[in-house]
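Only one structure is covered here, and it is reproduced in the block below.
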Amino acid sequence: DAFTGMTNLADRAIEVVSIKPTGEVLLDEALRMIKASETRRSVASWMDLLSGETWNISKAGYQLKQVRERLAKGLVDKGVLRTEKRNFLFFDMATHPVQDPRAKDEIIVRVMDTLNLPRNAALPTRASGTSGGTPPSLSTSASATAFSRYNVGQGIGGQAGRLCLMPVSGSRFYRGEETSRFALLRRVCLVAAACAGSVLENPLVHMDMETRDRAVARAESLMDVYGHWPFKRDSPLHASDADGSEAGDLMVHEVIAAVVCVLRKMDRII
185 DAFTGMTNLA DRAIEVVSIK PTGEVLLDEA LRMIKASETR RSVASWMDLL SGETWNISKA
245 GYQLKQVRER LAKGLVDKGV LRTEKRNFLF FDMATHPVQD PRAKDEIIVR VMDTLNLPRN
305 AALPTRASGT SGGTPPSLST SASATAFSRY NVGQGIGGQA GRLCLMPVSG SRFYRGEETS
365 RFALLRRVCL VAAACAGSVL ENPLVHMDME TRDRAVARAE SLMDVYGHWP FKRDSPLHAS
425 DADGSEAGDL MVHEVIAAVV CVLRKMDRII
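For any residue, its number in this note's numbering is found by taking its place in the sequence shown, counting from 1, and adding 184.
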């Protein structure tokens with residue numbers, strides 16, 4: 185319409201149509217806060233407020249409290265992280281190292297798929313045979329530990345190939361991904377968030393510079409395709425499976441596009 189056609193994607197106002205509980209405490213709290221707000225705010229504004237990192241005292245009532253701590257506690261409750269006390273100078277501070285390496289390994293596998301890298305290029309968090317083991321999707325062979333000069337184009341469909349959803353075999357934390365709605369878009373959001381947080385290169389650190397550059401370039405291309413509304417369907421990276429067919433999917437896609445657009449701008453600033 186005329187409004188959305190003249191408004192930047194990240195600046196479009198967002199409205200919550202349902203506050204039905206999702207099962208995630210932080211998400212439910214965020215939905216209630218947006219629903220109760222008398223002021224219509226943009227996607228970028230709400231992302232800033234709900235991150236818990238803004239220091240605007242005049243908007244303290246719109247901020248989620250202790251976001252990092254509550255996210256960490258939720259992962260501790262799920263057995264992904266554990267809590268340890270460590271001494272920093274004169275203070276004891278709580279840290280949250282990885283408890284179950286399979287959770288981290290499954291995330292890395294999805295990142296590798298999305299960036300069109302082979303799964304056996306991922307370095308497992310722990311070697312095979314240790315406590316917790318590794319998912320079947322990760323290889324502990326020499327090709328993983330001595331990874332060098334891999335052509336991204338040898339991955340799934342080539343560097344410019346469309347997204348392809350390959351389920352993680354033996355997944356413990358995300359079963360039934362192949363039948364989930366928005367599964368491909370979840371992976372795009374995962375990569376976009378990693379880019380914005382400057383942590384995307386962490387699982388790529390053992391690769392040569394050329395391969396890392398091409399993988400990051402693919403991530404930026406994905407954000408360009410899915411951080412635009414409507415999605416750039418003429419792009420080779422667009423997957424028809426990401427379009428969805430149920431009522432209401434278009435509204436969800438527009439919100440996802442706005443979020444990816446904001447994350448892309450954050451990545452450029454960093």
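Glycine is no exception: its CB is placed at the ideal position from the N, C-alpha and C atoms.
**Asked** Name the DSSP bridge partner or partners of Lys269?
**Response** DSSP, once it has assigned bridges, lists Ala278 as partnering Lys269.
- Query: When we look at the beta-carbon of Asp261 and count the other beta-carbons within 10 Å, is it buried (16 or more) or exposed?
  - Reply: Asp261 should be labelled exposed.
Since I believe Ala278 is in contact with Lys269 (beta carbons under 8 Å), could you give me their beta-carbon distance rounded to a whole number of angstroms? At roughly 6 Å, the Cβ-Cβ gap stays under 8 Å, so Lys269 and Ala278 are in contact.
Checklist line | Rounded C-alpha distance that separates Val443 from Lys449 | finding: Each residue's alpha carbon lies about 10 Å from the other.
### Message
So, under 8 Å CB-CB, Ala423 and Leu388 are touching, yes? Tell me the CB distance rounded to an integer number of Å.
### Response
With a contact defined as Cβ atoms closer than 8 Å, Ala423 and Leu388 miss out at about 22 Å.
Query raised in the report: Of all Cβ atoms in chain B, is any one closer than 7 Å to the Cβ of Gln250?
Result: The chain inventory of the structure shown lacks chain B, comprising one protein chain alone.
Val383 vs Leu406 beta-carbon contact at 7 Å: Contact flag unset, no.
Is the separation between the beta-carbon of Ala280 and that of Leu265 shorter than 7 Å?
Before going further, note that residue 280 is His rather than Ala in the sequence given. Contact flag set, yes.
Three-way DSSP call (helix, strand, coil) for Ser405 in this model:
In the three-state scheme derived from DSSP, where H, G and I count as helix and E and B as strand, Ser405 is classed as helix.
Tell me whether Thr223 sits in a helix, a strand or coil according to DSSP, three-state version. Here Thr223 carries a coil assignment [DSSP, helix/strand/coil].
query = Whole-angstrom Cβ separation of Ala403 and Leu447, contact assumed at under 8 Å?
reply = With a Cβ gap of about 11 Å, Ala403 and Leu447 do not count as contacting.
Leaving out the 5 sequence neighbours to the left and right, which residues in its chain are closer than 6 Å to Ser332 when beta-carbon positions are compared?
Legend: pLDDT at Ser332 = 43, less than 50; position of this residue unreliable, value from coordinates given subsequently. So the list reads Asp392, once near-sequence residues are dropped.
Find the nearest neighbour of Ala287 within the set Ala380, Ser353, Pro414, judged by alpha-carbon distance. For the residues Ala380, Ser353, Pro414, the minimum Cα distance to Ala287 belongs to Ser353.
* **Alpha-carbon spacing of Met296 relative to Arg303, whole angstroms** => Taking the straight line joining both Cα atoms gives about 6 Å.
Should Thr395 be labelled buried (16 or more other beta-carbon atoms within 10 Å of its own) or exposed?
With 16 or more neighbouring CB atoms inside 10 Å of its own CB, Thr395 falls in the buried class.
Please report how far the alpha carbon of Val436 lies from the alpha carbon of Asp427, in whole angstroms.
Each residue's alpha carbon lies about 10 Å from the other.
Report task. Leaving aside the five residues before and after Val201 along the sequence, list all residues of the same chain whose C-beta is less than 7 Å from its C-beta, in chain order. Result -> Result list for Val201: empty, nothing under 7 Å.
For Ala380, report the span of its alpha helix (DSSP H) as first-last. Segment 367 to 380, the alpha helix (DSSP H) holding Ala380.
message: Based on DSSP bridge pairs, tell me the residues matched to Ala197.
response: Answer is Ser226.
Leu259 and Ala399 look like a contact to me (Cβ under 8 Å); what is the Cβ gap, rounded to whole Å?
A Cβ-Cβ separation of about 26 Å leaves Leu259 out of contact with Ala399 under the 8 Å criterion.
Can you tell me which of the three DSSP states Ala326 falls into? With a pLDDT of 38 at Ala326, under the threshold of 50, the modelled position of that residue is not reliable, and the figure given next carries that caveat. Reduced to three states, the DSSP call for Ala326 is helix.
Note to self: When you compare the CB positions of Leu193 and Trp413, do they come within less than 7 Å of one another, or not?
What the structure shows: Judged by beta-carbon spacing, Trp413 lies within the 7 Å limit of Leu193, meaning their Cβ atoms are closer than that value.
I need the straight-line Cα distance from Glu237 to Leu273, nearest angstrom please.
Answer to the nearest angstrom: the Cα atoms are 25 Å apart.
For my contact list, Ser226 and Ile198 are in at a C-beta cut-off of 8 Å; report their separation, rounded to the angstrom. Going by Cβ atoms, the distance from Ser226 to Ile198 rounds to 7 Å, so yes, they are a contact pair.
> What does a CB cutoff of less than 8 Å around Val439 pick up in its chain, not counting 5 residues either side in sequence?
Replying inline: Hits under 8 Å: Ile198, Val227.
Output needed for Thr206: all residues of its chain with C-beta closer than 8 Å, excluding positions within five of it in sequence on either side, in chain order. Cβ within range, chain order: Asp212, Leu215.
Can you tell me whether Asp289 is buried or exposed? The criterion is at least 16 other CB atoms within 10 Å of its CB, across all chains shown.
Counting Cβ neighbours within 10 Å, Asp289 comes out buried, since at least 16 surround it.
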